[in-house]
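A quick write-up on the structure given underneath.
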Amino acid sequence: MEVKIRLRMSQADAHYGGDLVDGARMLALFGDVATELLIRNDGDEGLFVAYDEVVFTGPVYAGDYIEAVGKITKIGNTSRKMSFEAYKVIEASRDPECPYKAFVLEEPKLVTKASGTCVVPPR
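Counting from 1, position 9 in the sequence shown corresponds to residue 9 in full-length UniProt numbering; the numbering is continuous, with no gaps.
Structure below.
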């Protein structure tokens, strides 16, 4: 099972100079994906216990569209191992002369990948 969400990063998501979005925003998206995976698989929102690995592979800016994808990779009694990837699918213009332009990317750019573990109540 795979879950996917797509969001535009807003000016409110920009945390650093140059409209750079904080990497924690990608982790928040992964948390939302994990919650949907758990609801679909277990009928319960569960809890995120820990990330095993988080790798930031590219910058995200306000105005970019990000697609976050996740899947359950292993099911234990109450634990659910998951993997996540976030891709930039539309890139906002960085040109101050044309800030209203954006570009659909032919190939989505991987910006973050992670894996982690969630738990749900025993059945």
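Glycine included, C-beta positions come from ideal geometry on N, C-alpha and C.
* To do: Name the residue from L37, A24, D64 whose alpha carbon lies nearest to the alpha carbon of I72.
  => If you compare the alpha carbons of L37, A24, D64 with that of I72, the shortest gap goes to L37.
* C-beta atoms of F48 and A34 nearer than 8 Å -> yes
* Who are S83's beta bridge partners in DSSP? -> DSSP, once it has assigned bridges, lists K71, S115 as partnering S83.
* Best match in K88, V111, K113 for proximity to A102 [C-alpha to C-alpha] -> Taking the Cα of A102 as reference, the smallest distance to any Cα among K88, V111, K113 is reached at K88.
* Asked: Would you say M26 and A92 are within 8 Å of each other, going by their C-beta atoms?
  -> The Cβ atoms of M26 and A92 do not sit closer than 8 Å to each other.
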